[in-house]
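Undergrad: Residue numbers (the numbering used here): 6 to 288.
Idealized CB from N, CA, C, for every residue including glycine.
These numbers were taken from a predicted model, which means no experiment stands behind them.
(1) For residue 50, which three-state DSSP category applies?
(2) Have a look at 172, 91 and 147 and flag the residue whose alpha-carbon is nearest the alpha-carbon of residue 48.
(3) What do you get for residue 70, buried or exposed, if any count of 16 or more other CB atoms within 10 angstroms of its CB means buried?
(4) Leaving out the 5 sequence neighbours to the left and right, which residues in its chain are closer than 6 Å to residue 60 when beta-carbon positions are compared?
(5) Within its chain, find whatever has a CB closer than 6 Å to the CB of residue 51; leave out the 5 residues flanking it on each side and keep chain order.
(6) Pick helix, strand or coil for residue 116, following the three-state DSSP scheme.
(7) Give a yes or no on contact between the region 39-47 and the region 103-122, applying the rule of three or more CB pairs nearer than 8 Å.
(8) Along the alpha helix (DSSP H) that carries residue 33, what are the first and last residues, could you check?
(9) Please classify residue 88 as buried or exposed, where buried requires at least 16 other C-beta atoms within 10 Å of its C-beta.
(10) Can you give me the start and stop residues for the alpha helix (DSSP H) that residue 83 sits inside?
(11) Should residue 24 go down as buried or exposed, given a rule of 16 or more other Cβ atoms within 10 Å for buried?
(12) At the level of alpha carbons, what is the spacing between residue 189 and residue 161?
(13) Since residue 146 and residue 139 are thought to touch, with beta carbons under 8 Å apart, how far apart are those beta carbons, to the nearest angstrom?
(14) Looking only at its own chain, which residues have a Cβ that is under 6 Å from the Cβ of residue 153, when we skip the five neighbours before and after it?
(15) Exposed or buried, what is residue 171 when buried is set at 16 or more other beta-carbons lying within 10 Å of its beta-carbon?
(16) Report back the beta-carbon spacing between residue 231 and residue 191 to the nearest angstrom; my notes put them in contact at under 8 Å.
(17) What did DSSP end up calling residue 95 once you bin it into helix, strand or coil?
(18) Take residue 177 and list the residues in its own chain whose beta-carbon comes closer than 7 Å to its own, dropping the five residues that flank it on each side.
(19) Looking only at its chain, what residues have a beta carbon closer than 6 Å to the beta carbon of residue 65, apart from the 5 residues adjacent to it on each side?
(20) What is the DSSP secondary structure of residue 38, counted as helix, strand or coil?
(21) Would you mind working out which of 168, 40 and 184 sits nearest residue 195, comparing C-alpha positions?
(22) According to DSSP, is residue 179 part of a helix, a strand, or is it coil?
(23) Please list the terminal residues of the continuous alpha helix (DSSP H) segment that includes residue 139.
(24) So residue 93 and residue 57 are in contact, right, with Cβ under 8 Å, and what is the actual spacing, rounded?
(25) Among the candidates 156, 100 and 115, whose CA atom is the shortest distance from the CA of residue 27?
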């Protein structure tokens with residue numbers, strides 16, 4: 006089709022999806038049986054997973070549901086395998102976010118959870134996969150989540166940015182003023198339940214044994230509320246921007262205002278720093 010002569014004045018073909026994903030879809034349609042068999046029989050790899058997710062995304066866009074479903078099932082099986090031989094990095098995460106938009110819960114939630122788990126700063130015991138870029142550099146996920154409007158994933162990325170410590174993120178130009186304000190909101194909100202546990206002397210056991218970050222499990226479905234700057238009021242009387250969180254260019258007030266949310270913000274930040282200290286060696 007692309008090698009045929011084009012008529013004079015002909016309009017170029019415009020694709021409404023990623024060109025590489027469309028190329029993957031064309032391969033799926035036109036691959037000879039032997040080539041297709043070799044691909045599907047090949048062991049798990051990053052390239053194979055990327056192609057499957059590309060097929061799923063393009064097939065969804067053109068309402069070819071059976072290939073889309075099959076490709077996604079194979080990709081998810083690969084990504085959730087206990088001994089996955091590759092790490093989940095930004096290219097796979099980007100395609101997984103796009104394909105999740107075509108899903109309904111619980112499968113949509115499942116796709117997001119896979120990316121959240123990939124930010125866990127230590128390798129899962131028994132897994133061949135080591136830490137990938139998402140664990141080493143969670144700000145890359147902040148960028149992805151902003152670009153694709155995934156609020157839940159954005160909150161998880163903020164959490165892991167805090168875990169990395171301020172030396173990791175304080176001078177990173179990829180974070181907007183709104184990102185930094187939300188990190189402030191989340192740092193104050195997160196320390197409250199841990200602080201109460203330490204004061205009571207009770208063991209801090211608010212999580213099951215899971216291969217996700219143990220301190221985040223109890224917030225899994227509502228973590229964004231801790232970083233939502235629309236719920237906060239500044240000490241100079243200004244109100245933080247509303248929950249239209251995508252307004253990432255909002256400037257931080259120049260008055261030295263400090264965020265406050267209820268009585269929790271009156272407590273010193275020492276307990277929260279102790280909360281993070283356990284993970285301060287994770288880079």
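TA: Reading it off the structure:
(1) coil
(2) 91
(3) exposed
(4) 29, 30, 33 and 76
(5) 91
(6) helix
(7) no
(8) 24-35
(9) exposed
(10) 70-84
(11) exposed
(12) 14 Å
(13) 6 Å
(14) 102
(15) exposed
(16) That pair is a contact at about 5 Å.
(17) helix
(18) Answer for residue 177: 144, listed in chain order.
(19) 73 and 107
(20) Helix.
(21) 168
(22) coil
(23) 138-141
(24) The pair is not a contact, with the Cβ atoms about 13 Å apart (cut-off 8 Å).
(25) 100
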